[in-house]
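Asker: My questions will all concern the structure given below.
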Amino acid sequence: MTEAEELELKTRLRLKWIPWDEGFDPVRADEYERFLSLHVDEQTDIVRKMSAEEGVLYIYLSESRIQYGKA
Numbered sequence: 001m002t003e004a005e006e007l008e009l010k011t012r013l014r015l016k017w018i019p020w021d022e023g024f025d026p027v028r029a030d031e032y033e034r035f036l037s038l039h040v041d042e043q044t045d046i047v048r049k050m051s052a053e054e055g056v057l058y059i060y061l062s063e064s065r066i067q068y069g070k071a
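Residues in the sequence shown are numbered from 1 upward in steps of one, following my numbering.
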């Protein structure tokens, strides 16, 4: 993925960073976008039902979204 493509993806998902090390897969961007559009309570309920490994990715996605737009 080029830097321009990564920047476009971060902008689209409104992420401060992309959690590559936690298993981020650009093919699943639509799925991540749907998850991030949910209220935090709904996100929490979904993450609780995931395996620990998958849950970490979604926690990092949420944190990156929170940090988006902050200096």
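Glycine included, each C-beta is placed from N, C-alpha and C at the ideal position. Computed from a predicted structure; not experimentally measured.
Pick out whichever of Ala4, Lys70, Ala29 has its Cα sitting closest to the Cα of Leu57.
Answerer: Numbered from 1 along the sequence shown, position 57 holds the residue referred to as residue 57. Checking every option, the nearest Cα to that of Leu57 belongs to Ala29.
Asker: For Gly23, which of Arg65, Leu38, Asp45, Leu61 has the nearest alpha-carbon?
Answerer: As a working note, residue 23 is residue 23 in the sequence shown. Out of Arg65, Leu38, Asp45, Leu61, Leu61 has the C-alpha closest to the C-alpha of Gly23.
Asker: Below 8 Å, how does it come out for the region 5–20 and the region 29–40: are there three or more Cβ pairs, yes or no?
Answerer: Output reads yes: the region 29–40 touches the region 5–20.
Asker: Could you round the C-beta distance between Ile18 and Glu5 to whole angstroms and report it? I think they count as a contact, below 8 Å.
Answerer: Locating residue 18 in the sequence shown gives position 18, where the first residue counts as 1. Locating residue 5 in the sequence shown gives position 5, where the first residue counts as 1. In fact, because the Cβ distance is near 11 Å, the residues do not count as touching under 8 Å.
Asker: From Thr44 to Met50, what distance separates their C-alpha atoms?
Answerer: In the sequence shown, residue 44 corresponds to position 44, counting from 1. In the sequence shown, residue 50 corresponds to position 50, counting from 1. C-alpha separation (whole angstroms): 10 Å.
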